[in-house]
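> I have a structure here, written as structure tokens, and I will follow up with some questions on it.
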Amino acid sequence: MQLAKVVGNVVSTQKDKNLVGCKLLIIKKIDEYGEFEKYSSSSTAVAVDSVGAGIGETVIVTQGSNARYVYGDKMAPLDMTIVGIVDEIQIV
Amino acid sequence: MQLAKVVGNVVSTQKDKNLVGCKLLIIKKIDEYGEFEKYSSSSTAVAVDSVGAGIGETVIVTQGSNARYVYGDKMAPLDMTIVGIVDEIQIV
Amino acid sequence: MQLAKVVGNVVSTQKDKNLVGCKLLIIKKIDEYGEFEKYSSSSTAVAVDSVGAGIGETVIVTQGSNARYVYGDKMAPLDMTIVGIVDEIQIV
Amino acid sequence: MQLAKVVGNVVSTQKDKNLVGCKLLIIKKIDEYGEFEKYSSSSTAVAVDSVGAGIGETVIVTQGSNARYVYGDKMAPLDMTIVGIVDEIQIV
Amino acid sequence: MQLAKVVGNVVSTQKDKNLVGCKLLIIKKIDEYGEFEKYSSSSTAVAVDSVGAGIGETVIVTQGSNARYVYGDKMAPLDMTIVGIVDEIQIV
């Protein structure tokens, strides 16, 4: 999974029926110190929120086919889901 | 998912039978300010349109195996689908 | 999907049984103007041809798990397939 | 799979129900000499531990949909799992 | 798929039960001329050998969920498999 910061949200009325009702947040990938990832491919992305994340929060993001499993086995055409809100990052 | 801009389309008569009838659009990945992603791997790509997107529009793109779920469970050999047209991006 | 140019082919006699009989072509990812993608991760790759593509042609490539669907539901250990030959790229 | 070093862990109480009880470790991708991968996309990531890995250890990480198979066929929304602890890397 | 060179192997006794008995080789991605890919994300990786590849050989590597299909439909938590040994690369 990726660490990311929620920086905004997307308004989209004309979208796939399986995404209707989904909260679409804009996230930017960060490293363990909260710095935006410079060389990261697709450092900015759109994620479906599944845990009540808000703007400015640090979150955990799952990508790829398993991202849809927050909705059971629904055939949702999404590839990125926020699956956790970070309380604390402990680096040794 | 990715934010992207539709910049053109592809004409391909000799293609997989499951792609016949699909509208193939050329997209370029963008960040939250509409800037093309410099370091992004595969910043230019071909996406199947599923929501009536047009040239110049900002869209939401799903990649990977879930991209085929816009067609139910059809075994379509595609890996990128436009799943939404962006009305507005709100950045805080 | 990706735009790519076919630049060669691979000869491999010792390979997985499900790849026997597959035409393995070497492709390089390109952008909408035919330029090789500089920052692209894995800009050079090996793709299974499923539409009769030849050396020098511009093609459409599908990556990931859906790439095997050109062979129905066969459990083929491949992750990249040529699914279309490009007649024309129209950029506005 | 990727070689990586465990550099910390993440505390997240508000997370998907299928991740409750999972040990979430912070990993950084490394090359065969233990150097952090500079150009790597998402060089910092969050992985679920499935083999008892500890901080400072070199590990093997599986990404993508197969990452969930450490839990049988459970529909867990995760995309990265530590599947082995490295005893030794032998480079010729 | 990717072209890669086998540069070493990994010893890991504490690993997932489905990886026990697998030969874990270290590979580095290369381009069509055998040069290591500079900008490639995760240019160094760990692959399961399924065709008897040895150190120094040029190989074809499959990534992602289809990588497990060398073992039929076994739920193996792996994401990279060597599926062919390269005899020759023909570039035009």
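Those protein sequences? They're chains A, B, C, D and E, same order as listed.
Here the first sequence stands for residues 1 to 92, where the numbers follow my numbering.
Here the second sequence stands for residues 101 to 192, where the numbers follow my numbering.
Here the third sequence stands for residues 201 to 292, where the numbers follow my numbering.
Here the fourth sequence stands for residues 301 to 392, where the numbers follow my numbering.
Here the fifth sequence stands for residues 401 to 492, where the numbers follow my numbering.
In this text, a Cβ means the ideal position worked out from N, Cα and C, and glycines have one as well.
When you compare each of A:Ile27, A:Gly64 and A:Glu32 to A:Gly54 by their alpha carbons, which one comes out closest?
A:Ile27
> Taking the alpha carbon of B:Gln163 as the point to measure from, which residue in B:Glu157, B:Asp149 and B:Gly156 has its own alpha carbon closest?
B:Asp149
> Nearest CA to the CA of B:Ile182: which residue from A:Leu19, A:Tyr33, A:Ser43 and A:Val70?
A:Leu19
> Secondary structure at B:Leu178, three-state DSSP: helix, strand or coil?
coil
> How would you label B:Thr158, buried or exposed, when you count the other beta carbons within 10 angstroms and need 16 or more for buried?
buried
> Which bits of chain C does B:Lys115 rub up against, with CB to CB less than 8 Å?
Within chain C, the residues near B:Lys115 are Val251, Ile260, Val283, Gly284 and Ile285.
> On the DSSP letters alone, give me the boundaries of the beta strand (DSSP E) that A:Val61 sits inside.
Thr58 to Gln63
> Put C:Ala253 into one of helix, strand or coil per three-state DSSP.
Taken through DSSP and simplified to helix, strand or coil, C:Ala253 comes out as coil.
> From D:Phe336 to E:Glu437, what does the alpha carbon distance come to, in whole angstroms?
16 Å
> In this structure, what does DSSP give as the bridge partners for C:Leu224?
C:Val248
> For B:Val186, which of helix, strand or coil comes out of DSSP?
coil
> Would you kindly work out how many angstroms separate the C-alpha atoms of C:Gly169 and C:Gln290, rounded to a whole number?
This structure gives no information on residue 169 of chain C, because the portion of chain C shown stretches from 201 to 292.
> Output, in chain order, the set of chain A residues within a Cβ distance shorter than 7 Å of B:Ile155.
Those do not exist, as B:Ile155 stays about 16 Å from chain A at its closest Cβ, beyond 7 Å.
> Helix or strand or just coil, what does DSSP make of A:Val10?
In the three-state scheme derived from DSSP, where H, G and I count as helix and E and B as strand, A:Val10 is classed as strand.
> Measure the C-alpha to C-alpha separation of B:Ser156 and A:Asp16 and round it to an integer number of angstroms.
The sequence given here places Gly at residue 156 of chain B; Ser does not occur at that position. Roughly 19 Å between the two C-alpha positions.
> Output yes or no for whether 8 Å exceeds the beta carbon distance between C:Ile285 and B:Ser112.
yes
> Pop quiz: C:Asn266 and B:Ala176 are said to be a contact at Cβ under 8 Å. What is the actual Cβ separation, rounded to whole angstroms?
7 Å
> Is D:Val306 a contact residue of the ligand HEM, with contact defined as CB to any heavy atom under 7 Å?
The ligand content of the structure shown is nil, which means the ligand HEM is not present either.
> Go ahead and label C:Gly221 buried or exposed: buried means 16 or more other beta carbons lie within 10 angstroms of its beta carbon, across all protein chains shown.
exposed
> What residues in its chain sit with their C-beta under 8 Å from that of E:Glu432, if we drop five residues either side in the sequence?
Leu403, Ile489 and Ile491, listed in sequence order.
> For C:Asn209, which residues in the same chain have their Cβ closer than 8 Å to its Cβ, ignoring the five residues on either side in sequence?
Lys223, Leu224, Leu225, Ile226 and Ile255
> If we call anything under 8 Å between Cβ atoms a contact, is A:Met1 one with D:Met301?
no
> At the level of alpha carbons, what is the spacing between B:Asp173 and C:Gly272?
13 Å
> Just the chain D side, please: which residues come within less than 8 Å of E:Asp479 by C-beta, in chain order?
Met301, Thr362, Gln363, Gly364, Asn366 and Ala367
> Using a Cβ-Cβ cut-off of less than 8 Å, list which residues of the segment 214-237 of chain C approach chain E; keep chain order.
Under the 8 Å Cβ criterion, the segment 214-237 of chain C contributes Gln214, Lys215, Asp216, Asn218, Leu219, Leu224, Ile226 and Lys228.
> For chain E, check one thing: does any of its Cβ atoms lie closer than 8 Å to the Cβ of C:Ala245?
yes
> Against E:Val492, what residues of chain C qualify as contacts under a CB-to-CB distance less than 8 Å, listed in chain order?
Chain C residues near E:Val492: Val207, Gly208, Ile255 and Gly256.
> Closer than 8 Å by beta-carbon distance: list the chain B residues that pair up with A:Ala76, in chain order.
Asn166 and Tyr169
> Under 8 Å, do E:Val407 and C:Gln214 count as touching if we go by C-beta distance?
no
> Below 7 Å CB to CB, which residues in the same chain sit around A:Ala47 once its five sequence neighbours on both sides are set aside?
Leu25, Ile27, Val61, Met80, Thr81 and Ile82.
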